[in-house]
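Heads up: the structure comes next, in structure tokens.
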Amino acid sequence: MRHLLMAILYLAIATSTVNSQAAGGDSSRASAASMFQTNPTQTDLVQELQRLRNEGIAKYESGLALDNALTAFKRAFELSGQAPDAFNVATVYFKKNDVANTKHWLQVALSKDANFPNALYLLGVLARSSGDFATAKRNWERVHQLAPGDAHLNYQLALLARSERNEAGFLQYLINALALDPNNAAALYQMYRYYQLSGNRELAKETLAKFNAIKKQERFSRRERLKDPSRLSQPILFPATNTSGFTVIPVVPQFTLDTVVPSCKPVAAASYVDITKTPLTESIAVACTDGQLLNTEFGAISKLLPIGKVPANTSNIKVEWFDPTGPKVLAITSDKLLLANDVISKPSEYTTIFASAAAPVTLADLDTDGDIDIALGTNQPPLTNASKQKFLQETAFYQTSQLPKALSQAIAVAVADVQRDGVSDLIILNTQQLDVFVGSTIGFTPALQITEAASATNLAVADLSNDGQLDVALVMPNKINILWNLNVTAKDSKPQVQEIVIPFSTVSQLQVTDYNNDGLLDIIILATDGQAVLLRNQGGREFNQQDLGTWPAPAKNTKLMTGDFDNNGQEDLAYLTQQGSLAIAKNHTEGAGHSLAIFTHGVKAAPSGLLTQIEVRRGSNYAYAQAQGQIQHLGIGKDNYVEILRLEWTNGFIESKLKVDAAVTTYKFDESERISGSCPSLFVWNGNKFEYLTDTFISGPMGVPMDRGMYFPVQDRELILIPGNRVKLRNGSLDIRFTEELHESVILDRARLMVVDHPVGTAVYPHSRLAPAPKPLEPFYLTGDLITATKAVGSNGADVTASLASVDKVYADFFKRSPHSGFAEPHWIQLELPYSVDPKAVDALLATGWFYYFESTSMIAEAQRSGPNLPWPWLEQLVDGTWQDVAPIGVPTGKGKTAVVPLKGMLKSRTLRIRSGISTYWDQIAFSMQSLPIPEPIIAELTEATMRFHGVSTLIAHNPERFDYHDVHYSTLWNPMGGHYTSYGPIELLLSQADGKYAVFGSGDEIAFSFQIPALQPPAHFTRSYLLELVGYVKDGDRYTAHPGRIEPMPYLGLTNYPAPADARLDNAQTASPFRNRPPLNLTLGTISPTP
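Take any residue in the sequence shown, note its place counting from 1, add 22, and you have its number in the working numbering.
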């Protein structure tokens, strides 16, 4: 309607202009109001109210008929008495510069709704204009709590923070503004000034250029320049609803019952996502007593077709993505668990994964490592997924846990993320109570016990009130009890209980579904005799009962499944009946709203996307759900799109999609594969810009486990090669930028640059490898000509000779990666040395490349499969027809670095092999015949070290990842690490010596280094290389890293194991570093949480 009115308006303006010119006159602006034709008054007051709002908006936006807009908005307020209509009146007076009437109508709006954010914002604008900064701040901070997603609001708060000399607040609000609107010219200008004042000339120049481009575009734009650009100061077309959800649609539910009789006697059914169909569809698998496995084919006539087999005596089935290949059938018999070897769409054999009674069975990522595990109901420890059809019982891990006993007494179990921390929690119902066990990387802890659940027989868990918190619906005799807002963090917290009386006492099943797509979840109840009732969610924790009549009586222990089985955009229900058929209740409710169908496919998270948090918002309308490993349906009411779809994967990655249209077909969102923890990045000045050089490992994987309770050894320094031909000096100085782009923190003690002049034709190689090998005596290796293999063949037969002949960023990529980040299926490269080479004379192997970083979570997952012994790259030689180990190669400690492996006197054969189970991508494999004497380096003076905000560099390449220093943005895919960071400013004194006094920085920060080079040119016949020595530590933000999510506890210098035992050195390290008083920046665009 609004778009139609605006089209009429623009046409009228054009017509008015033509007529005016034809008459040779100059019409006044006041007469422009006459171009609006009057729509007829509606007898229906609801329609009349909407007509007045629509016309008011059209006349306001024209800028030519403000008095008419005022009349329409005032009449709308007379009809509604609602805050948004009073606010609309105020916006007209604001545009007319009538301050007194603007304030009056804003106060009227607030008298109707004291927390109306738009009115509070505009009062703040008026207060700031009059010099009342305290009132402006008070109002805007309240608005930021209520509606944090407005870019200009954050800009306004940034200016206030700067006026109070609150630099941290200024920067954070400015980051927020640009994350919300990267083209906000006002915020860009302030960021330009920030970069300029902090000494970042390059980003200041580029940010100013972007600002000027936007301002130039504005000069040629015909768009009206707004008095205040915030959307909070503009008229509202639709009023805010009384609940957090979309507008309630009170339509009568209409279900058509369709029964499908299979060719065999069914015993169990499970819904799943059929990945063989394009687009993805929802199907139902049915297992029969004779071993047949059927699935549904929906159409004009629904059918069940055979697709495979299930093991004999199968009593139940579950379908899940136990590995990335797709959904597989888990068959449950009376005495074993069996998993299909292939995906459900293919006939498959089964592997016994547990040879004992297991029911009831619960599927979840219990150890938060990104795959699906199995909780058992027989007082047994859960089965941990070790991949490749292998499951382990970690008895020692669960030996003190109360979880196995609680599961053995369970009537029903639900998997949810109660704490919204990305970790599976279990809600367990037994005959006495409801227990909530919260998960963590160290197991499950009982957090809540609710005795009011005694006598309940079933449960469903969902956000029934659309406030972003989970609620529980319990089946009780003659009633449904709803436990509102599970809270496991507040001590002695008990949820509020609401009773809803229902007309029967023996309930078989309940399920939540949004039958009318209004964004509010309703409850379907099915009695044992087939009576069906719908509790329609009215919002505000109110439900209206709707009798659905009598459906076919459900079979014992059947599950009420939901899904849009007929692809009409409305969620249906299905279950097995006592008569041995599959009943499908097809939803054809007339007048229902629009919906989104979403499947979240995890890469590092569980492949089915189980428990991915999904949030949608349009304006003030909000809905929240946790993915259940199926296609997730979200009703969005009468809206035909949402402004923001926000996904938070269970590993903490956050992705937002803008303007997602309602659709019947399924949106499949694949988790973006991005290394969240690896190493900070190093950029060098090449004469034109700061160019990406490499990443810096420094300490090795500090706090990264090799298995539960076992951690990598830690080192505290690294040498990084900076080739002389990659840099240009500026005023005799070498300029370096050291940035943190990822989910980690850097704890830096010293930065020192060494200048190494060495003969032309030789090359410097720092010892840049992580390997189970002794530390070399010399800091770097110097050699001349290198020898490469005459033939190099991968384990799959691929010829990789050319790939490994030189350092050219062409990598030997022929192997299959493991689902666990950083690991690969076992593979090798066979090498043939030239016949002229005496293998005994080879001095060293020089292996250049990079490896895919193994995060803590993937380390735990891989340890479950292979144990704590890492499958390091290892050099072997063929002697007398047998492969013999020579030496560990390890992995390069960063992109483009070289692992130097001493081999003097160790080789007996020219036929060699590099075996590996780590995702290592070699660029060159070369051999040195001799090491040359090491020249004495010259130490360059550190003339500048400034810590400052930089922003997040844009990723410009994958595999390996590289960044563009000059192209920045202001949001990341992960939440920041907590702790205390070093204040921005000069830090030369902190970094001048290795003394355990650290400079600490994190995501979005940088250190700008400048080193004065003592001699500008090397001697004749010499070339120059630089070695940057960094002393300190790096800690990533993975949940399995020791002391996860925080910088602290700080390491002490010389630390070799982390976590470290408590002693005086560790205690002193917590306070040794001065100037650590800066809170972490928040670079996540997490602005669509529900209103508090």
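Glycine included, every Cβ here is placed at the ideal spot set by N, Cα and C.
Just checking my contact of Ser-950 with Leu-868 at CB under 8 Å: how many whole Å lie between their CB atoms? Within the sequence shown, residue 950 is the residue found at index 928, counting from 1. Within the sequence shown, residue 868 is the residue found at index 846, counting from 1. With a Cβ gap of about 6 Å, Ser-950 and Leu-868 count as contacting.
Tell me, please, which residues DSSP counts as bridged to Gln-415. Walking along the sequence shown from the start, residue 415 turns up at place 393. Partner(s): Leu-405.
Which listed residue (Pro-723, Ala-948, Val-529, Ala-628) has its alpha carbon closest to that of Val-829: Your numbering for residue 829 matches position 807 in the sequence shown. Per the Cα distances, Ala-948.
Runs of beta strand (DSSP E) lying entirely within the stretch 491-561, each at least 3 residues, in chain order: 493-498, 501-506, 518-523, 529-535, 544-549, 553-561
I'd like to know if the stretch 727-745 and the stretch 886-893 are in contact, where contact means that at least 3 CB-CB pairs between them fall below 8 Å. yes
Host alpha helix (DSSP H) of Asp-89 (start-end): The sequence position of residue 89 within the sequence shown is 67, counting from 1. 88-102 is the extent of the alpha helix (DSSP H) around Asp-89.
Contact set for Ser-880: own chain, Cβ-Cβ below 7 Å, skip 5 residues either direction: Within the sequence shown, numbered from 1, the residue matching residue 880 stands at position 858. Excluding residues within five positions, the ones whose Cβ falls inside 7 Å are His-842, Ser-843, Gly-844, Phe-845.
State the DSSP-derived secondary structure class of Thr-976, mapped to helix, strand or coil. In the sequence shown, the residue the question calls residue 976 occupies position 954. DSSP places Thr-976 in strand when its eight states are reduced to three.
Just how far apart, CA to CA, sit Tyr-874 and Ile-744? Locating residue 874 in the sequence shown gives position 852, where the first residue counts as 1. Locating residue 744 in the sequence shown gives position 722, where the first residue counts as 1. Spanning the two alpha carbons is a distance of roughly 22 Å.
Going straight from the alpha carbon of Ser-477 to that of Ala-131, what length do you get? As a working mapping, residue 477 is identified with position 455 in the sequence shown. As a working mapping, residue 131 is identified with position 109 in the sequence shown. Roughly 48 Å between the two C-alpha positions.
According to the Cβ coordinates, are Leu-142 and Asn-161 closer than 7 Å? Translated into the one-based positions of the sequence shown, residue 142 becomes position 120. Translated into the one-based positions of the sequence shown, residue 161 becomes position 139. Yes, they are a contact pair.
Going by beta carbon distance, what residues of the same chain come within less than 8 Å of Val-365, once the five residues before and after it are set aside? For the purposes of this step, residue 365 is taken as the residue at position 343 of the sequence shown. So the list reads Ile-297, Thr-347, Gly-348, Pro-349, Lys-350, once near-sequence residues are dropped.
For Asn-176, three-class secondary structure by DSSP: Taking the first residue of the sequence shown as 1, we reach residue 176 at position 154. In the structure shown, Asn-176 sits in a helix (DSSP, three-state: H, G or I).
Closest residue to Thr-599 among Val-289, Ile-394, Asn-363 (Cα-Cα distance): Taking the sequence shown and counting its residues from 1, one reaches residue 599 at position 577. When only C-alpha atoms are compared, the closest one is Val-289.
What is the DSSP secondary structure of Val-121, reduced to helix, strand or coil? The residue labelled residue 121 in the question sits at position 99 within the sequence shown. In the structure shown, Val-121 sits in a helix (DSSP, three-state: H, G or I).
For Ala-291, list the residues DSSP reports as bridge partners. If you number the sequence shown from 1, residue 291 lands on position 269. Note: Ala-291 sits in a beta bridge opposite Val-308.
Pull up the distance between the alpha-carbon of Lys-1057 and that of Ala-309, whole angstroms please. Within the sequence shown, numbered from 1, the residue matching residue 1057 stands at position 1035. Within the sequence shown, numbered from 1, the residue matching residue 309 stands at position 287. Approximately 49 Å between the Cα atoms of the pair.
Glu-319: beta carbon under 6 Å from a heavy atom of the ligand FAD? What this structure holds is no ligand at all, so the ligand FAD is not there to describe.
Rounding to the nearest angstrom, what Cα-Cα distance links Pro-1102 and Val-686 in this structure? Counted from its first residue, the sequence shown places residue 1102 at position 1080. Counted from its first residue, the sequence shown places residue 686 at position 664. Answer to the nearest angstrom: the Cα atoms are 42 Å apart.
Proximal residues to His-972 (C-beta, below 6 Å), its chain only, five neighbours per side dropped: Indexing the sequence shown from 1 puts residue 972 at position 950. Excluding sequence neighbours, His-972 sits near Thr-761, Glu-1028.
Presumed contact (8 Å Cβ cut-off) between Ala-180 and Gln-212, rounded CB distance: Indexing the sequence shown from 1 puts residue 180 at position 158. Indexing the sequence shown from 1 puts residue 212 at position 190. Yes, they are in contact, since the Cβ atoms of Ala-180 and Gln-212 sit about 7 Å apart, within 8 Å.
Taking Cβ to Cβ, would you say Thr-400 is nearer than 7 Å to Ser-423? The residue given as residue 400 occupies position 378 in the sequence shown. The residue given as residue 423 occupies position 401 in the sequence shown. Not closer than 7 Å, so no.
Could you check where the beta strand (DSSP E) with Pro-328 kicks off and where it finishes? Indexing the sequence shown from 1 puts residue 328 at position 306. First-last of the beta strand (DSSP E) with Pro-328: 325-331.
Helix, strand or coil: how does DSSP classify Gln-1116 here? Residue 1116 is absent from the model: the chain starts at 23 and stops at 1114.
Alpha carbons only, please: which of Thr-870, Tyr-1074, Ala-1016 is nearest the one belonging to Leu-1088? Walking along the sequence shown from the start, residue 1088 turns up at place 1066. Comparing Cα-Cα distances from Leu-1088 to each of Thr-870, Tyr-1074, Ala-1016, the minimum goes to Tyr-1074.
Checking 7 Å against the spacing of the C-beta atoms, do Asp-738 and Val-1053 come in under that value? Locating residue 738 in the sequence shown gives position 716, where the first residue counts as 1. Locating residue 1053 in the sequence shown gives position 1031, where the first residue counts as 1. In this structure, Val-1053 lies closer than 7 Å to Asp-738 by Cβ.
Thinking C-alpha only, which one of Asp-135, Ala-169, Glu-186 is nearest Ala-156? Locating residue 156 in the sequence shown gives position 134, counting from the first residue. Of the listed residues, the one whose Cα sits closest to Ala-156 is Glu-186.
Rounded separation between Lys-238 and Ile-1009 - CA only: Taking the first residue of the sequence shown as position 1, residue 238 is located at position 216. Taking the first residue of the sequence shown as position 1, residue 1009 is located at position 987. Lys-238 and Ile-1009: Cα-Cα distance of roughly 39 Å.
Counting only beta-carbon atoms, is Lys-660 nearer than 7 Å to chain D? Absent from the structure is chain D; it holds one protein chain and no more.
With which residues is Lys-711 paired in a DSSP beta bridge? Taking the sequence shown and counting its residues from 1, the one referred to as residue 711 is at position 689. Answer is none; Lys-711 lacks a bridge partner.
Relative to the C-alpha of Gln-471, which candidate in Leu-669, Ser-678, Asn-509 has its C-alpha closest? Counting from one through the sequence shown, the residue named residue 471 turns up at place 449. If we check each option's Cα against that of Gln-471, Asn-509 comes out closest.
Does Asp-907 pass the burial test, meaning 16 or more other C-beta atoms within 10 Å, or should it be called exposed? Stepping through the sequence shown from its first residue, residue 907 is reached at position 885. Exposed: under 16 other Cβ atoms inside 10 Å.
The alpha helix (DSSP H) that contains Gly-191, what's its start and end? Taking the first residue of the sequence shown as 1, we reach residue 191 at position 169. Taken as a continuous stretch (DSSP letters only), the alpha helix (DSSP H) holding Gly-191 covers 189-202.
Spatial neighbours of Leu-359 within its chain, please: CB distance less than 6 Å, with the 5 preceding and 5 following residues excluded, ordered by chain position. Here residue 359 is taken as the residue at index 337 of the sequence shown, counted from 1. Ile-375, Phe-376, Ala-380.
For Gln-944, three-class secondary structure by DSSP: Here residue 944 is taken as the residue at index 922 of the sequence shown, counted from 1. Reading off the sequence, residue 944 comes out as Trp, not Gln. It is a strand residue.
By the DSSP assignment, the alpha helix (DSSP H) with Arg-748 in it spans what residues? As a working note, residue 748 is residue 726 in the sequence shown. Here Arg-748 belongs to no alpha helix (DSSP H), and DSSP marks it neither H nor E.
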